[in-house]
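All remarks here apply to the structure that follows.
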Amino acid sequence: MSTGGADEIRVAVVDDHPVFRLGMTALLSSTAGLRVVGEAADADGALRVADTVRPDVMVMDLHLGGRSGVEATREIVGRHPDIGVLVVTMLDDDDSVFAALRAGARGYLLKGAAPAEVERAVRAVANGEVLLGPVIASRAVGFLAGARTAGPVPFPELTDREREVLDLVAQGLSNVVIARRLTLSPKTVRNHLSNVLTKLQVADRGQAIQRARQAGLGQV
Numbered sequence: 105m106s107t108g109g110a111d112e113i114r115v116a117v118v119d120d121h122p123v124f125r126l127g128m129t130a131l132l133s134s135t136a137g138l139r140v141v142g143e144a145a146d147a148d149g150a151l152r153v154a155d156t157v158r159p160d161v162m163v164m165d166l167h168l169g170g171r172s173g174v175e176a177t178r179e180i181v182g183r184h185p186d187i188g189v190l191v192v193t194m195l196d197d198d199d200s201v202f203a204a205l206r207a208g209a210r211g212y213l214l215k216g217a218a219p220a221e222v223e224r225a226v227r228a229v230a231n232g233e234v235l236l237g238p239v240i241a242s243r244a245v246g247f248l249a250g251a252r253t254a255g256p257v258p259f260p261e262l263t264d265r266e267r268e269v270l271d272l273v274a275q276g277l278s279n280v281v282i283a284r285r286l287t288l289s290p291k292t293v294r295n296h297l298s299n300v301l302t303k304l305q306v307a308d309r310g311q312a313i314q315r316a317r318q319a320g321l322g323q324v
């Protein structure tokens, strides 16, 4: 339990780079009303901190070695919906942004954000709000604007993530490359692809690619 004031925000920092983790911890610890109550260098450590410390906010990188921050975010939010996850990462591509938001992250900043921006994001996420950095917000607006004018979604029986995996498979990418693109583990990609084959009632990867391209997926 917190030993600070009633309005103190308890934060945990998750990053596999010790220098960045130390710097973020120092920044947050020096900010009035915030207190760092845990640190972790990988997804398993992040889950342990979430389970044992129950911080208000977890500042989460997406590159965490063997398992991604997206997977960690999904599990943490699933177990503890009251914990707000703020992603702070170098990754600014659409796949990473929307994968993190779909996993339950409430905020997304790029590393290099100003200290005032980080503080504002932590407070917003702790308050249950969603806060995106300026670059990320513009991407989200563009994505949503495009979605409003898009036609019917192909293969509605698939989840969004399964459709993403199928699209990348249809582009000719390997499971390893897809895993890196979506910040997932190769095993998770294999599981998604297995679900796709079952739902589309196709025998193998080649047939799935053929069906996907006929539906307009796989366009580079």
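Residue numbers (our numbering): 105 to 324.
Where is the CB? At the ideal position from N, CA and C, for every residue including glycine.
Taking C-beta atoms as the reference points, L166 and T287 count as a pair closer than 8 Å. By a beta-carbon distance limit of 8 Å, A312 contacts L270. Their separation comes to about 6 Å. Under the DSSP assignment, E143 falls in the beta strand (DSSP E) whose first and last residues are 138–144. Here M162 is not near A217, since their CB atoms are 8 Å or more apart.
Assigned with DSSP and collapsed to three states, M164 falls in strand. Around the beta carbon of L126, a 10 Å sphere encloses fewer than 16 other beta carbons of the protein chains shown; the residue is thus reported as exposed. Counting only the Cα atoms, Q275 lies some 10 Å from I282. When Cβ pairs closer than 8 Å are counted between the two stretches, the region 184–204 is seen to touch the region 220–235, the count reaching three or more. Contact between A150 and V118 is confirmed by a C-beta separation of about 4 Å, below the 8 Å threshold. Judged by DSSP in its simplified three-state form, T135 adopts coil rather than helix or strand. Note on V257: under 16 other CB atoms within 10 angstroms of its CB, so exposed under the neighbour-count rule. The alpha carbon of M164 has as its nearest neighbour, out of M128, V306, S298, the alpha carbon of M128.
CA-CA distance, D120 to L297, rounds to 28 Å.
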